[in-house]
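In my numbering, the protein residues as written are 332 to 1537.
Positions of the beta carbon are idealized from the N, C-alpha and C atoms, including for glycine.
In this text the structure is predicted, and so the values were computed from the model without any measurement.
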């Protein structure tokens, strides 16, 4: 039986007038001259609304009360939403710092009345957070105010609990302050609280987020206080039952395991791991890490933040946890202070160093970065551990300046949760010129301490004020958001802190209430559904909604913490938890709002706090429904069965593959401060082939300088034994197994790379050719390969001159210490086992092709001559056409406007049209280094300061100007004399473009390279040296792609793509790219790809992933992947065909597969591809195949395979 009540919203408006929306119209169409363009939100005047609350601070500032002496002065207060008098309208409570808090009753039509005095909720304490809930379970909403008084008695500093006594004769609720009676008079500098049933005993317990006014150490690395004794330790109060007619709370902080320091600002309760028990997320300011308290089901909690998250915000402020991508998993948004405007960024951001992060790690700190984070929930790995990918920069929400409240909610009812962020700060105390002034002793020379203090405060008041407009982002439905702050009407500039959303006028859309400092609170009416003809948005059927109020007619809590799922006919899920404390210091509308877009049919599933389930169908859209606790007998939450994932991670050690790459410790940023990445962290490569002649393929993985190398011999199928090869001073990059001396076994070529040494050491970047004794023992040859003077990356082989032996291309990555100078790459012709450098003679332009990351021999034009495709940093995807044994750059095939930071290239006939297409791995979009034709990334390289070394300056485009990415501190270290002379202040540097820093003569002498494309892509071969560029799905853009592998991983007859990546090599401002856990893209046989979610692919890879190859192990293929500075890993894919495996002879290179559907698929199985990878040279005869033709490097057919005879 469905127990729910339908409440109609309107008396006179028709449904069509109610359903308003195509909000895209607001964005796309410019307003006519003299006509006000309608916006989604309209600011309601305080005179009209009656809300005149003003959290005034400035009138109280003094020599003793200021942001220098009291750094939380402008942290503001929160907002609480609730129907306190039970009239069906949501009321508003504001927390006041130096002014009294205020309660406003909603009288309808967005008119409010101040009832603070009559309701008896006036305050004279520094109130911060507002938590609205029914503490005593009497059906009336109460208010718990957090208090952050730094001084005074215990009574002055204790929190306030206002228990609702019911309405008086005027229908005004009356409250009684009862914190002492209830045991909640906590005096610990509280920021916010949340009530939830953590022990599942049917009553509400209380978590209190704390901060502390410590004189020293809040922003300095120190040994963490994780014993519960820190002044900033949070508090947990357990509801131990009824006494004297009301609940009693007991402090159980220590016994519950809440023992970690943290200067808390943001609090959110959620069942993060969806095990039926509520967890706690604490966003902590300053150097203290965020904490994720996971409920142990026994009254205790354990912090899992370091296990779940790769990094967090540094100055974590507010937090919201909601499912923003409609996959049923709660995601996390935490805001920080990174400015959007470049000038502001360079006035605030200081240089950090790898030493700082190393020290922090040794002290137990997790990586933190100054920017907002959006943590995408990727589900649980095979150990049951939640895993998140941080995608704030991809989403476009990482920089909203000095931010406070993030709120994820569907403001346009399109079915996707949008993001609203408040920001602003009265005094810009992060101004770096001011910081320099404070730290310069000469600024106060000859002054008394009192005089110096006066000067510091005077200078403080001269700082610019940061009154800013708030941000709102529209969810695009593809993991990205669009900034629509102006288009949606949030144009008012304020100092905003706490905020809440609520349907204040009961029209079906969410309005906004914001607590401001030194100005009256902001009330924004959502005009999506509005009868106001002066601000009318054209109606359509794309903004349906449903609002759900949960109710339980019991003495026990069933609703706070309940979960609600809306399922649409398409199968799409919309998920929310009934937990109102979110954002910053605030409680939002306790009624759950779901946008439905163009859907009017849906089903509702409520999982109550006792884990019982109530399913309801056929509810009316565009209405409020009160759902009363009446779970179906025997109904339980739907638990997804553990389907077999596509891949399983194996224990490589147990199979004998024990190699762990160890990075040689070297900080290239101490040699070249302005680099964007280090070039000594790009290994190791991988080569697979049968080295001991037993018919089973073996593995070589490169090692760093002064590290032991080993070959792993496959002695029996799937089991390996290490054969040590010794140490040397080189860093191994690409490697290749092939018969160099024509004696019937596989020899080993290893590329020397990295950037530890400058190239003036003649031997250090010489590659090595090791000759095989037939048993897998390798001996370094002499005089068979030429000297290679530049740091290398890749080596690939093909018989490009069709003389019957394998020739080589060796790509060079960088000229160490001379970035961005272009290194020499090498075309090496095999002359009877001696390799001759023929680059200048036979490789037109190939020698200086660029900073090469990867290359591939491929017959892209199917003329029987193997061509070369080369990719790299600041390079286009470059094709060299083989003209009868001579390589000539094919300008027609080389993709225009494709200059990027490419890492890898992989071949496959993904559209089954008989020619070869490509997958190219790039930096991706989850980065500050975004580029386009109109806004390129550039590097300017020259010895600008005349000290004998090249200064590389990376720029991005801001307001059509090339602006250096590096902050002033970095530029000062790189070019001290120039910066001192030309930019004596941070302010001067913050406004400078590259043309302000250097004059025309200096820039004319510089080497300039540009990148305009950072997306990883699919390159479709359309024939006649024509290619079509298509970006891969957005999920493939969350991190740099290195290793890539084409294969039919689900046995549907179409090629799929497996991608791995990340990078720990970038500068510390950006930090590591670590969002990738491996990505599987399912191919459709037409050149299209769809992302396979991690929970279905089984990919939960960690580390800085590099090479990716396939090895045959008896009856199955395994996938080998290498990691920089970590262990090697093995993957098994569960859906493998049982057909015949066919090995290729050394001169065989390609297949023509005639499919049962009449199509033809071409495959090339060469020597090297992807990123620094050589896989097993064979193939499994696919099903759906009529016959297979095998060809050698000259295009000659060597054999035909009939699948029925194999």
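Leaving out five residues on either side along the sequence, give the residues of the same chain with a beta carbon under 7 Å from the beta carbon of residue i.
i: residue 1526; result: 1195
i: residue 1473; result: 1509, 1510, 1512, 1532
i: residue 1221; result: 1210, 1211, 1212, 1356
i: residue 558; result: 590
i: residue 439; result: 420
i: residue 512; result: 577
i: residue 1368; result: 725, 1255, 1256, 1257, 1346, 1347
At what residues does the beta strand (DSSP E) containing residue i begin and finish?
i: residue 1510; result: 1509-1511
i: residue 688; result: Careful: residue 688 lies outside any beta strand (DSSP E), inside the alpha helix (DSSP H) at 685-693.
i: residue 1198; result: 1198-1206
i: residue 552; result: No beta strand (DSSP E) holds residue 552; DSSP gives it neither H nor E.
i: residue 1076; result: Per DSSP, residue 1076 belongs to no beta strand (DSSP E) and is neither H nor E.
i: residue 1547; result: Nothing can be reported for residue 1547, as the shown portion of the chain is limited to 332 through 1537.
i: residue 1517; result: 1516-1523
i: residue 1349; result: 1348-1354
i: residue 1420; result: 1420-1423
i: residue 570; result: 566-574
If you reduce the DSSP assignment to three classes, tell me which class residue i lands in.
i: residue 449; result: helix
i: residue 1062; result: strand
i: residue 1303; result: helix
i: residue 1095; result: coil
i: residue 955; result: strand
i: residue 582; result: strand
i: residue 1368; result: helix
i: residue 681; result: coil
i: residue 1068; result: strand
i: residue 662; result: strand
i: residue 312; result: With the chain represented from 332 up to 1537, any question about residue 312 goes unanswered, as that position is not in the structure.
i: residue 823; result: coil
i: residue 285; result: One cannot answer for residue 285 here, as it falls past the ends of the chain, which runs 332 to 1537.
i: residue 389; result: helix
CB-CB under 6 Å to residue i, same chain, minus the five flanking residues each way: which ones, in chain order?
i: residue 751; result: 738, 803
i: residue 827; result: 753, 755, 801, 845, 847
i: residue 808; result: 747
i: residue 357; result: Its pLDDT being 38, under 50, residue 357 is placed unreliably in this model, and the value from its coordinates should be taken loosely. Cβ within range, chain order: 818.
i: residue 1417; result: 1242
i: residue 1522; result: 1481, 1528
So the alpha helix (DSSP H) residue i belongs to, where does it begin and stop?
i: residue 507; result: Where residue 507 is concerned, there is no enclosing alpha helix (DSSP H), although the beta strand (DSSP E) it sits in stretches over 504-508.
i: residue 767; result: 763-770
i: residue 1041; result: It is not in any alpha helix (DSSP H) - residue 1041 instead sits in the beta strand (DSSP E) that spans 1040-1047.
i: residue 1481; result: That residue, residue 1481, is in no alpha helix (DSSP H); its beta strand (DSSP E) goes 1479-1486.
i: residue 750; result: Element bounds for residue 750: not the alpha helix (DSSP H) but the beta strand (DSSP E), 749-754.
i: residue 853; result: Not the alpha helix (DSSP H): residue 853 falls in the beta strand (DSSP E), residues 853-857.
I'd like to check one pair, residue j with residue i: are the Cβ atoms closer than 8 Å?
i: residue 408; j: residue 427; result: yes
i: residue 466; j: residue 535; result: yes
i: residue 429; j: residue 391; result: yes
i: residue 1171; j: residue 1153; result: no
i: residue 1410; j: residue 1017; result: no
i: residue 811; j: residue 727; result: yes
i: residue 1324; j: residue 1298; result: no
i: residue 1066; j: residue 1121; result: no
i: residue 1347; j: residue 1406; result: no
i: residue 950; j: residue 744; result: no
Apart from the five residues on each side of it in sequence, which residues of its chain come closer than 8 Å, Cβ to Cβ, to residue i?
i: residue 960; result: 334, 881, 882, 883, 884, 885, 889, 890, 939, 945
i: residue 864; result: Bear in mind that the predicted position of residue 864 carries a pLDDT of just 40, short of 50, making it unreliable; the figure below should be weighed with that in mind. Nothing meets the Cβ criterion.
Requested in this report: Could you tell me which uninterrupted beta strand (DSSP E) segments, each at least 3 residues in length, are contained entirely in the stretch 446-495, listed from first to last along the chain?
Outcome: 458-464, 473-478
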